[in-house]
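For the sequence shown, my numbering assigns the number 8 to the initial residue and increments by one for each residue that follows.
For each residue, glycine too, the CB sits at the ideal point set by N, CA and C.
Presented below is the structure to which this report refers.
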Amino acid sequence: MGELAIAVIGVGPRGLSVLERLLTRLARRPPAGRVTIWAFDAVGHGGGRVWRTGQPQWLSANTTAGESTLCSPDGILPAARFATMARWSGLEPGAYPARRHYGTYLSEVFEALCAAAPPGVRVRKVTAEVTRLRRTAARLRLVAGGRAYRVDKAVLATGHGSVEPDERQLALLRHAEEHRLRYVPPGLAAEMPLEELPPRAEVAVRGFGLTFYDVLRAVTLGRGGRFEPGPAGLRYVPSGDEPRLLPLSRGGVPFLARPDVPDFPAPPVRLRVVTEERLRALRADALAATGTPQLDFARHVEPLIQREADLACPDGAARPLSGLARPFRGRRFACPGGYRDRLARLLREDARRARGGCPDGTVKAATEMLRVIRPLLPQVVDFGGLLPGSHRDFLDRFVPESFVLSAGPPAEHVEQLAALLEAGIVRPVGPAAVAAPGPGGFVVHSPQVAGSRRVTTALLEARSPARDLARDASPLVRQLLADGMISEFVNVDPASGERFHAGGLAVTRAPYRVLDALGRPDPDIHALGVATNHTRWFTEVGTARPGQDSPFSGDADAVAAALLAGGV
Ligand SMILES: Cc1cc2nc3c(=O)[nH]c(=O)nc-3n(C[C@H](O)[C@H](O)[C@H](O)COP(=O)(O)OP(=O)(O)OC[C@H]3O[C@@H](n4cnc5c(N)ncnc54)[C@H](O)[C@@H]3O)c2cc1C
Numbered sequence: 008m009g010e011l012a013i014a015v016i017g018v019g020p021r022g023l024s025v026l027e028r029l030l031t032r033l034a035r036r037p038p039a040g041r042v043t044i045w046a047f048d049a050v051g052h053g054g055g056r057v058w059r060t061g062q063p064q065w066l067s068a069n070t071t072a073g074e075s076t077l078c079s080p081d082g083i084l085p086a087a088r089f090a091t092m093a094r095w096s097g098l099e100p101g102a103y104p105a106r107r108h109y110g111t112y113l114s115e116v117f118e119a120l121c122a123a124a125p126p127g128v129r130v131r132k133v134t135a136e137v138t139r140l141r142r143t144a145a146r147l148r149l150v151a152g153g154r155a156y157r158v159d160k161a162v163l164a165t166g167h168g169s170v171e172p173d174e175r176q177l178a179l180l181r182h183a184e185e186h187r188l189r190y191v192p193p194g195l196a197a198e199m200p201l202e203e204l205p206p207r208a209e210v211a212v213r214g215f216g217l218t219f220y221d222v223l224r225a226v227t228l229g230r231g232g233r234f235e236p237g238p239a240g241l242r243y244v245p246s247g248d249e250p251r252l253l254p255l256s257r258g259g260v261p262f263l264a265r266p267d268v269p270d271f272p273a274p275p276v277r278l279r280v281v282t283e284e285r286l287r288a289l290r291a292d293a294l295a296a297t298g299t300p301q302l303d304f305a306r307h308v309e310p311l312i313q314r315e316a317d318l319a320c321p322d323g324a325a326r327p328l329s330g331l332a333r334p335f336r337g338r339r340f341a342c343p344g345g346y347r348d349r350l351a352r353l354l355r356e357d358a359r360r361a362r363g364g365c366p367d368g369t370v371k372a373a374t375e376m377l378r379v380i381r382p383l384l385p386q387v388v389d390f391g392g393l394l395p396g397s398h399r400d401f402l403d404r405f406v407p408e409s410f411v412l413s414a415g416p417p418a419e420h421v422e423q424l425a426a427l428l429e430a431g432i433v434r435p436v437g438p439a440a441v442a443a444p445g446p447g448g449f450v451v452h453s454p455q456v457a458g459s460r461r462v463t464t465a466l467l468e469a470r471s472p473a474r475d476l477a478r479d480a481s482p483l484v485r486q487l488l489a490d491g492m493i494s495e496f497v498n499v500d501p502a503s504g505e506r507f508h509a510g511g512l513a514v515t516r517a518p519y520r521v522l523d524a525l526g527r528p529d530p531d532i533h534a535l536g537v538a539t540n541h542t543r544w545f546t547e548v549g550t551a552r553p554g555q556d557s558p559f560s561g562d563a564d565a566v567a568a569a570l571l572a573g574g575v
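Right, here's the structure in full:
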């Protein structure tokens with residue numbers, strides 16, 4: 008009888024999905040020998056870092072209870088209890104759970120999985136950070152919490168890591184230190200020292216996406232403010248303790264509201280142009296025409312997406328999509344108040360539209376389509392599927408614009424933001440706004456809004472750290488990189504030699520073995536989830552589909568199959 012020891016490093020949603028597929032496979036074909044699965048998480052098993060159960064109530068998921076699931080269609084989790092977050096919690100399928108509430112679901116899923124382990128299989132839970140992983144003869148040796156463990160296989164599902172500040176951020180940190188200012192680098196809002204922002208102080212906030220909404224809720228609802236219904240919609244009743252937030256962003260528009268969607272699993276929007284077959288054909292055409300299968304996203308794929316949007320919304324209101332995401336492109340405002348009023352009206356209208364759902368023929372049908380096609384796009388983007396320059400453009404331009412339109416919060420949060428603009432708590436700087444160190448603070452201004460220049464004593468980066476393996480702050484990743492056991496994915500155009508250092512961890516196609524410094528796949532170490540972003544795209548949990556096969560459980564299943572392939 009053999010023995011097999013597997014380490015799952017990081018038990019957020021991705022690590023949890025690997026565990027679910029491993030146990031499902033082991034239950035179906037019970038092992039002859041013993042299997043030990045070591046489950047390591049530095050924060051907590053299930054919810055992990057993003058969904059940690061101790062975070063405040065006002066931090067909310069932007070996926071609904073009805074679409075959030077850890078159950079795969081043929082998995083061992085009891086569907087009567089865990090089929091979806093809605094089933095488990097009793098929330099309406101269209102409700103947006105508090106992040107910590109979903110974290111509790113995930114943690115209970117973890118406990119249920121441990122309890123359901125078939126005979127001969129044990130899940131051992133270790134709440135500690137793995138700081139080392141090395142090869143010793145035929146096995147792997149890892150260190151966590153000062154103890155060493157020997158395993159045969161390991162899975163890196165380490166998610167949203169932290170990165171060291173880059174040159175620009177270091178300069179801002181130095182400026183803050185020298186002039187007794189506050190500078191908060193990119194991170195998770197739940198981990199930022201937001202309580203240190205003084206009441207009524209002006210705080211420049213770079214980023215107008217989901218982390219901005221988190222920060223906003225923390226300094227308003229989290230400081231005793233509240234929203235009340237009024238004749239013109241929600242209005243804000245301040246507590247008096249709020250700082251004034253000055254958001255800066257490229258487009259001058261925050262992430263817009265997600266339409267109220269019908270129950271999953273029915274997809275709310277039907278795809279007519281952007282289909283798997285169509286995307287596959289694009290690659291074959293490119294190969295025939297140019298000798299390389301690499302695509303130019305703007306030239307080959309975006310026109311299809313625009314056609315899909317035009318079919319969803321035939322009156323031209325979603326043409327072009329990029330104009331919808333950047334409505335203030337080239338517009339000038341005579342004063343900050345003019346821009347702020349225009350934005351507040353736009354947000355009220357957006358929230359109103361979102362409450363109408365996304366029936367065919369509406370702008371929200373076109374923008375929801377962008378969400379629906381997301382799980383298809385990895386087919387064209389992943390593993391160097393785009394030409395290097397196009398890959399960069401996809402990440403720098405297409406993704407941010409498409410996220411403004413399709414990755415936003417529920418309508419209620421957008422309406423709350425409108426109310427906060429009207430109450431003067433949020434004072435956006437303007438389109439194309441910039442912040443720079445200057446005398447006495449951080450100087451912010453928008454070239455499109457006259458009179459927008461302000462000097463603030465605090466600057467906060469409202470975004471998750473960008474994936475950049477070279478700057479990864481985790482001791483584990485640094486050691487693996489230094490030892491040449493992992494490497495960075497570089498997208499290369501073989502014809503021109505052009506290279507794009509995407510910053511992600513290099514892995515093979517399924518079952519996602521890490522590639523060492525010489526590009527050789529490691530037979531025993533796999534990686535999936537956010538850790539592999541930029542090599543792959545859109546590895547977040549939003550790709551799970553209740554009751555259906557999905558890339559989310561498919562990825563985990565491929566890894567689980569490979570981990571067990573040697574037999575026990
Ligand atoms: C603030 C925020 C909100 C989000 N909201 C949503 C949402 O509403 N809906 C949605 O679909 N997606 C959302 N996302 C996207 C998110 O990427 C996924 O939901 C999901 O959490 C990713 O899963 P993961 O397992 O890959 O990574 P993570 O959730 O980051 O989990 C990785 C885990 O690994 C652990 N870990 C890392 N390194 C080590 C180590 N060396 N040793 C031990 N443990 C380690 C961490 O503690 C962590 O718990 C959000 C992301 C963020 C940052």
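| Item | Value |
| --- | --- |
| Whose C-beta lies closer than 7 Å to the C-beta of residue 204 among residues of the same chain, with five residues either side of it excluded? | 210, 226, 250, 465 |
| Can you tell me the Cβ-Cβ gap for residue 418 and residue 362, rounded? I've got them flagged as a contact below 8 Å. | 5 Å |
| Quick one: give me the first and last residue of the alpha helix (DSSP H) that residue 237 is part of. | Per DSSP, residue 237 belongs to no alpha helix (DSSP H); it is in the beta strand (DSSP E), 233-237. |
| Starting from residue 531, follow the beta strand (DSSP E) in both directions and report where the run begins and ends. | 528-534 |
| Please report how far the alpha carbon of residue 411 lies from the alpha carbon of residue 396, in whole angstroms. | 22 Å |
| Quick check: residue 365 and residue 260, are their CB atoms within less than 8 Å of each other? | no |
| Pairs of beta-carbons, one from the stretch 436-443 and one from the stretch 451-470, closer than 8 Å: are there three or more? | yes |
| By how many angstroms is the C-alpha of residue 383 removed from the C-alpha of residue 401? | 15 Å |
| Taking only runs of the alpha helix (DSSP H) that begin and end inside the stretch 38-117, which ones reach a length of at least 4 residues, in chain order? | 86-89, 92-96 |
| Measuring only the C-alpha atoms, how far is residue 614 from residue 415? | As displayed, the chain neither begins before 8 nor continues past 575, which places residue 614 out of reach and without an answer. |
| Nearest to residue 474 by CA position, among 444, 181, 168, is which residue? | 168 |
| On a CA-only basis, which of 21, 11, 542 is nearest residue 37? Give me that one, please. | 11 |
| Between the C-alpha atoms of residue 188 and residue 56, what's the straight-line distance to the nearest angstrom? | 28 Å |
| When you compare the CB positions of residue 567 and residue 32, do they come within less than 8 Å of one another, or not? | yes |
| Grab the span of the alpha helix (DSSP H) containing residue 31 for me, first residue to last. | 20-35 |
| Assign residue 477 to buried or exposed, taking buried as 16 or more other Cβ atoms, counted over all protein chains shown, within 10 Å of its Cβ. | exposed |
| Is it the case that the CB of residue 472 approaches a heavy atom of ligand 1 more closely than 7 Å? | no |
| Applying the criterion that 16 or more other CB atoms from any shown protein chain within 10 Å of the CB defines a buried residue, is residue 367 buried or exposed? | exposed |
| For the 8 Å Cβ check, are there 3 or more pairs between the stretch 71-78 and the stretch 88-107? | yes |
| Measuring straight from C-alpha to C-alpha, what distance separates residue 294 and residue 528? | 26 Å |
| Per DSSP, residue 443 forms a beta bridge with which residues? | 450 |
| With DSSP as the reference, identify every bridge partner of residue 417, one or two as the case may be. | 265 |
| Strictly by DSSP, which residues pair up with residue 393? | 302 |
| For ligand 1, is there any heavy atom lying closer than 7 Å to the beta carbon of residue 108? | no |
| Can you grab the Cα-Cα spacing for the pair residue 348 / residue 301, in whole Å? | 45 Å |
| Taking 7 Å as the cut-off, is the beta-carbon of residue 48 closer than that to any non-hydrogen atom of ligand 1? | yes |
| By how many angstroms is the C-alpha of residue 540 removed from the C-alpha of residue 359? | 34 Å |
| Are the CB atoms of residue 45 and residue 191 within a distance shorter than 8 Å? | no |
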